[in-house]
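Each remark here refers to the structure printed beneath this line.
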Amino acid sequence: SQRVKIKQVLHDDAVQYTATVKGWVRTFRSNRFIALNDGSTNNNLQVVVDFENTDPAILKRITTGAAISATGTIVASQGSGQKVELQATSIEILGDSDPEKYPLQPKKHSLEFLREIAHLRFRTNTFGAVFRVRHTLAYAVHKFFNDKGFVYLHTPIITASDAEGAGEMFRVTTFDPQKPPVTEEGKVDWKEDFFGRATNLTVSGQLEGETGAMAFGEIYTFGPTFRAENSNTARHLAEFWMIEPEMAFYNLEDNMNLAEEFIKYVIRYALEHNREDLEFLGARLAEEEKSKPQAERSEMGLIEKLEFVLNNDFMRITYTEAIDILKNSKPNKNKKFQYMVEEWGTDLQSEHERYLVEKHFKKPVILTDYPAAIKSFYMKQNEDGKTVRAMDILFPGIGEIVGGSQREENLDKLVHKMEELGLPVEEMYWYLDTRRFGSAEHSGFGLGFERLVLFVTGMTNIRDVIPFPRTPKNAEF
Ligand code: ATP
Ligand code: MG
Ligand code: MG
Ligand code: MG
Numbered sequence: 002s003q004r005v006k007i008k009q010v011l012h013d014d015a016v017q018y019t020a021t022v023k024g025w026v027r028t029f030r031s032n033r034f035i036a037l038n039d040g041s042t043n044n045n046l047q048v049v050v051d052f053e054n055t056d057p058a059i060l061k062r063i064t065t066g067a068a069i070s071a072t073g074t075i076v077a078s079q080g081s082g083q084k085v086e087l088q089a090t091s092i093e094i095l096g097d098s099d100p101e102k103y104p105l106q107p108k109k110h111s112l113e114f115l116r117e118i119a120h121l122r123f124r125t126n127t128f129g130a131v132f133r134v135r136h137t138l139a140y141a142v143h144k145f146f147n148d149k150g151f152v153y154l155h156t157p158i159i160t161a162s163d164a165e166g167a168g169e170m171f172r173v174t175t176f177d178p179q180k181p182p183v184t185e186e187g188k189v190d191w192k193e194d195f196f197g198r199a200t201n202l203t204v205s206g207q208l209e210g211e212t213g214a215m216a217f218g219e220i221y222t223f224g225p226t227f228r229a230e231n232s233n234t235a236r237h238l239a240e241f242w243m244i245e246p247e248m249a250f251y252n253l254e255d256n257m258n259l260a261e262e263f264i265k266y267v268i269r270y271a272l273e274h275n276r277e278d279l280e281f282l283g284a285r286l287a288e289e290e291k292s293k294p295q296a297e298r299s300e301m302g303l304i305e306k307l308e309f310v311l312n313n314d315f316m317r318i319t320y321t322e323a324i325d326i327l328k329n330s331k332p333n334k335n336k337k338f339q340y341m342v343e344e345w346g347t348d349l350q351s352e353h354e355r356y357l358v359e360k361h362f363k364k365p366v367i368l369t370d371y372p373a374a375i376k377s378f379y380m381k382q383n384e385d386g387k388t389v390r391a392m393d394i395l396f397p398g399i400g401e402i403v404g405g406s407q408r409e410e411n412l413d414k415l416v417h418k419m420e421e422l423g424l425p426v427e428e429m430y431w432y433l434d435t436r437r438f439g440s441a442e443h444s445g446f447g448l449g450f451e452r453l454v455l456f457v458t459g460m461t462n463i464r465d466v467i468p469f470p471r472t473p474k475n476a477e478f
């Protein structure tokens, strides 16, 4: 008989048919009951072993972690907590697992411990659910943009441009670090390097994406992005995935509307297609909440929180209005938000962002019109001469999830700004060409995919929502 997936078996509820399932043993009790998991769902299939007619040597090899194939009849189940189970007539061991050495014991492991065995943590319920949800969200991203007629444009991973000018780049070079060629002045001679110039891993595909938008109208990128973030936060990775749509003929409002529609779409898609996993993650979270003091417990469960986002408009306010709110706010008792006084012109700390979202408005917030000095050179300058058409979307428990803007389409203003900041105007002729030849109003944003996955799964550390996290001093697997 053909292999069927456990999710299918449990979903169909059909009985009295012959099936083969293959997967990894979670537990084996009383020499009789195998809890088998094949990764298609968190729900294990109970496989009942006909132990009287099974070779004792085989029984011994049914250990936690072992890969097996089981064939038999799917029957109605009395005791397993599931409607059906497999009455096995034959068990084949595909791959043994030494129970003494297998790191995943049939008990609850801490997330910290599991991070150290990232290559095995997919076999746990929590990470099974997280990465199935991640998959669904990634699929929904493509579906959303495809259905709207956006072109998926692959921007380069290796680039000479540092889009943000933030300097958090990973250099790409073929030089021997011990003895790179040097110029007469004793500086590293990048002209001698592979590309004939200094290059780095991309920190954003936006600038290249803009050139695509100015031809296709609407494009998006969805790819790996690299930043040498030297801090160890629960929100930053050195390698993360960013979704960056870029749209010609969109102003800031169109941009915000698209971002809000997009976020709601992918969350709804996950709720519809990964309900079981989200319910599991919700229950896990509720369990964790119980161990917190009453005052710190969240008011909503995971599913409730996701539905709340779907059913409410995001709050839209300007940076200036946000500063006024922060200035008038009082430090709160449990000191979670202690530095509330802010001066106009400074960038918001994540605790300010979280105050606005979690305490003040109690919903996602879109902040617009930031001071030009704290935002990137390419953002459209407002009439006031002080602010730019930027927007950040802030989410509860996360802080910034999206950064975007309407782009400056005026060549003179853009060049002037670049000169002011000492950016290489000549070298970026290719970017400026979009303003030289057929410039038009356009906008875009960047959404950190892992921050979205964090929000949807209710996990709290970004290392737990990417299969193989890259953080300072951590690139083992
Ligand atoms: P932050 O203020 O959190 O450092 P940022 O303003 O530097 O973020 P942007 O350059 O605006 O980030 O990038 C767009 C989006 O990419 C952010 O809103 C965030 O969702 C995500 N992002 C940025 N840096 C990281 C990172 N190191 N790891 C994961 N996601 C990130
Ligand atoms: Mg940053
Ligand atoms: Mg930021
Ligand atoms: Mg930003």
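If you read the sequence shown in full-length UniProt numbering, its first letter stands for residue 2, the second for the next number, and so on.
Just so you know, even glycine gets a beta-carbon here, dropped at the ideal spot from N, CA and C.
Thinking C-alpha only, which one of Leu37, Val85 and Gly398 is nearest aspartate 14?
As a working note, residue 14 is residue 13 in the sequence shown. For the residues Leu37, Val85 and Gly398, the minimum Cα distance to aspartate 14 belongs to Val85.
Alpha carbon to alpha carbon, what distance is there between leucine 87 and glycine 447?
Within the sequence shown, numbered from 1, the residue matching residue 447 stands at position 446. Within the sequence shown, numbered from 1, the residue matching residue 87 stands at position 86. Answer to the nearest angstrom: the Cα atoms are 47 angstroms apart.
Any idea if asparagine 38 is buried or exposed, counting beta-carbon neighbours within 10 angstroms, 16 or more meaning buried?
Reading the sequence shown from its first residue, position 37 is the one you call residue 38. Looking at its Cβ environment, which holds 16 or more other Cβ atoms inside 10 Å, asparagine 38 is buried.
Measure how close the beta-carbons of histidine 155 and glycine 224 come, nearest whole angstrom, since I'm counting them as under 8 angstroms.
As a first step, residue 155 is located in the sequence shown; it is residue number 154 there, counting from the start. As a first step, residue 224 is located in the sequence shown; it is residue number 223 there, counting from the start. Yes, they are in contact, since the Cβ atoms of histidine 155 and glycine 224 sit about 7 angstroms apart, within 8 angstroms.
Going by the DSSP bridge assignment, what does glycine 449 pair with across the sheet?
Position 448 of the sequence shown, counting from 1, holds the residue named residue 449. Its beta-bridge partners are Met243.
For leucine 253, is the classification buried or exposed, using 16 other Cβ atoms within 10 angstroms of its Cβ as the cut-off for buried?
Here residue 253 refers to the residue found at position 252 of the sequence shown. Leucine 253 is buried by the Cβ-count criterion.
Alpha carbon to alpha carbon, how far is asparagine 43 from arginine 135?
To locate residue 43, count along the sequence shown from 1; it is residue 42. To locate residue 135, count along the sequence shown from 1; it is residue 134. Asparagine 43 and arginine 135 have their C-alpha atoms some 15 angstroms from each other.
So does glycine 404 have its beta carbon nearer than 7 angstroms to some heavy atom of ligand 3?
For this step, residue 404 is matched to residue 403 along the sequence shown. Because some heavy atom of ligand 3 lies under 7 angstroms away, the Cβ of glycine 404 counts as near it: yes.
Count the CB pairs spanning the region 250-270 and the region 448-468 that are closer than 8 angstroms, and state whether there are at least three.
Touching, yes.
Check whether the Cβ of histidine 353 sits closer than 7 angstroms to any heavy atom of ligand 1, and report yes or no.
Residue 353 sits at position 352 when you count from the first residue of the sequence shown. Annotation for histidine 353 indicates a beta carbon at 7 angstroms or more from all heavy atoms of ligand 1.
I want to check one thing, is the minimum distance from the CB of glutamate 247 to the heavy atoms of ligand 5 below 7 angstroms?
Of the ligands this structure carries, namely ligand 1, ligand 2, ligand 3 and ligand 4, none is ligand 5.
Quick check: the region 398-417 against the region 352-366, are there 3 or more CB pairs under 8 angstroms?
Judged by Cβ distances under 8 angstroms, the region 398-417 makes contact with the region 352-366, as three or more pairs qualify.
DSSP-derived helix/strand/coil call for asparagine 38:
Translated into positions along the sequence shown, residue 38 becomes position 37. Looking at asparagine 38 - three-state DSSP - the assignment turns out to be strand.
Beta-carbon proximity of threonine 125 to proline 100, cut-off 8 angstroms:
Sequence index remark: in the sequence shown, residue 125 carries index 124 (1-based). Sequence index remark: in the sequence shown, residue 100 carries index 99 (1-based). In this structure, threonine 125 sits away from proline 100, with a CB-CB distance that is not shorter than 8 angstroms.
Please classify tyrosine 430 as buried or exposed, where buried requires at least 16 neighbouring CB atoms within 10 angstroms.
Position 429 of the sequence shown, counted from the first residue, corresponds to residue 430. Exposed, since its Cβ has fewer than 16 Cβ neighbours within 10 Å.
Locate the beta strand (DSSP E) running through aspartate 148, then write down its first and last residues.
Start at 1 with the first residue of the sequence shown, and residue 148 comes out as number 147. Unbroken run through aspartate 148 is the alpha helix (DSSP H), 126-148; no beta strand (DSSP E).
So who's on the other strand from valine 183, going by DSSP bridges?
On the sequence shown, residue 183 is found 182 positions in, with the first residue counted as 1. Per DSSP, the beta-bridge partners of valine 183 are Val189.
Judging by CA-CA distance, which residue of Arg408, Glu421, Glu305 and Pro181 is the nearest neighbour of alanine 214?
By one-based count along the sequence shown, residue 214 stands at place 213. Measuring from the Cα of alanine 214, the nearest candidate turns out to be Arg408.
Is any heavy atom in ligand 1 found nearer than 7 angstroms to the beta carbon of arginine 228?
Within the sequence shown, the letter at position 227 stands for residue 228. Yes, ligand 1 has a heavy atom inside 7 angstroms of this Cβ.
What's the call for asparagine 45, buried or exposed, on a 16-neighbour Cβ count within 10 Å?
As a first step, residue 45 is located in the sequence shown; it is residue number 44 there, counting from the start. Asparagine 45 comes out buried.
What number of angstroms, rounded off, separates the C-alpha of glycine 129 from the C-alpha of isoleucine 69?
On the sequence shown, residue 129 is found 128 positions in, with the first residue counted as 1. On the sequence shown, residue 69 is found 68 positions in, with the first residue counted as 1. The alpha-carbon separation between glycine 129 and isoleucine 69 amounts to approximately 19 angstroms.
Going by C-alpha to C-alpha distance, which of Pro365, Gln350, Phe362 and Lys360 sits closest to isoleucine 375?
Here residue 375 corresponds to residue number 374 of the sequence shown, with the count starting at 1. Comparing Cα positions, the closest option is Gln350.
Please name the residue, chosen from Thr175, Ala71, Val48 and Gly210, that lies closest to serine 78 on a Cα-to-Cα basis.
On the sequence shown, residue 78 is found 77 positions in, with the first residue counted as 1. Answer by Cα proximity: Val48.
On the DSSP bridge list, what partners appear for aspartate 393?
Residue mapping note: residue 393 aligns to position 392 of the sequence shown, counting from 1. Leu368 and Gly404, per the DSSP bridge assignment.
Under 7 angstroms Cβ to Cβ from glycine 449, same chain only, skipping five residues before and after it: list those, please.
Taking the sequence shown and counting its residues from 1, the one referred to as residue 449 is at position 448. Excluding residues within five positions, the ones whose Cβ falls inside 7 angstroms are Phe241, Met243 and Ile402.
Assigned secondary structure, tryptophan 431 (DSSP; H/G/I helix, E/B strand, else coil):
Counting from 1 along the sequence shown, the entry for residue 431 is found at position 430. If DSSP states are grouped into helix, strand and coil, tryptophan 431 belongs with the helices.
Looking only at its own chain, which residues have a Cβ that is under 7 angstroms from the Cβ of aspartate 51, when we skip the five neighbours before and after it?
Position 50 of the sequence shown, counted from the start, is the residue given in the question as residue 51. Close CB contacts of aspartate 51 within its chain, under the 7 angstroms cut and outside five residues either way in sequence, are with Ala89 and Thr90 (chain order).
Straight-line gap, asparagine 344 to proline 365 (C-alpha atoms, nearest Å)
The residue given as residue 344 occupies position 343 in the sequence shown. The residue given as residue 365 occupies position 364 in the sequence shown. What sits at residue 344 in the sequence shown is glutamate, not asparagine. If you take the alpha carbons of glutamate 344 and proline 365, they lie about 23 angstroms apart.
Reduced DSSP secondary structure (H/G/I, E/B, other) of arginine 172
Here residue 172 corresponds to residue number 171 of the sequence shown, with the count starting at 1. When secondary structure is reduced to three states using DSSP, arginine 172 falls in the strand class.
Enumerate, from N- to C-terminal direction, the unbroken alpha helix (DSSP H) stretches of 4 or more residues contained entirely within the region 5-39.
Those alpha helix (DSSP H) runs which fall completely within the region 5-39 and span 4+ residues are 7-13.
Note down, in chain order, each residue of its chain lying with its Cβ closer than 6 angstroms to the Cβ of leucine 451, except the 5 sequence neighbours on either side.
Reading the sequence shown from its first residue, position 450 is the one you call residue 451. Here the sequence assigns glutamate to residue 451, which means leucine is not the residue at that position. Listed in chain order, the non-local C-beta contacts of glutamate 451 below 6 angstroms within the same chain comprise Phe241, Ile463, Val466 and Ile467, local neighbours out to five positions each way being set aside.
Less than 8 angstroms separating the beta-carbons of isoleucine 118 and isoleucine 94?
On the sequence shown, position 117 is the one that residue 118 refers to. On the sequence shown, position 93 is the one that residue 94 refers to. Cβ atoms of isoleucine 118 and isoleucine 94: not closer than 8 angstroms.
Between the region 279-296 and the region 418-433, do three or more beta carbon pairs fall short of 8 angstroms?
When Cβ pairs closer than 8 angstroms are counted between the two stretches, the region 279-296 is seen not to touch the region 418-433, the count staying below three.
Going by DSSP in three states, arginine 436 sits in which element: helix, strand or coil?
Taking the first residue of the sequence shown as position 1, residue 436 is located at position 435. Three-state DSSP puts arginine 436 in a helix.
When you compare the CB positions of valine 22 and arginine 4, do they come within less than 8 angstroms of one another, or not?
The residue labelled residue 22 in the question sits at position 21 within the sequence shown. The residue labelled residue 4 in the question sits at position 3 within the sequence shown. Yes, they are a contact pair.
Starting from phenylalanine 223, trace the beta strand (DSSP E) both ways and give me its first and last residue.
What you label residue 223 is simply residue 222 of the sequence shown in a count that begins at 1. Phenylalanine 223 -> beta strand (DSSP E) spans 219-227.
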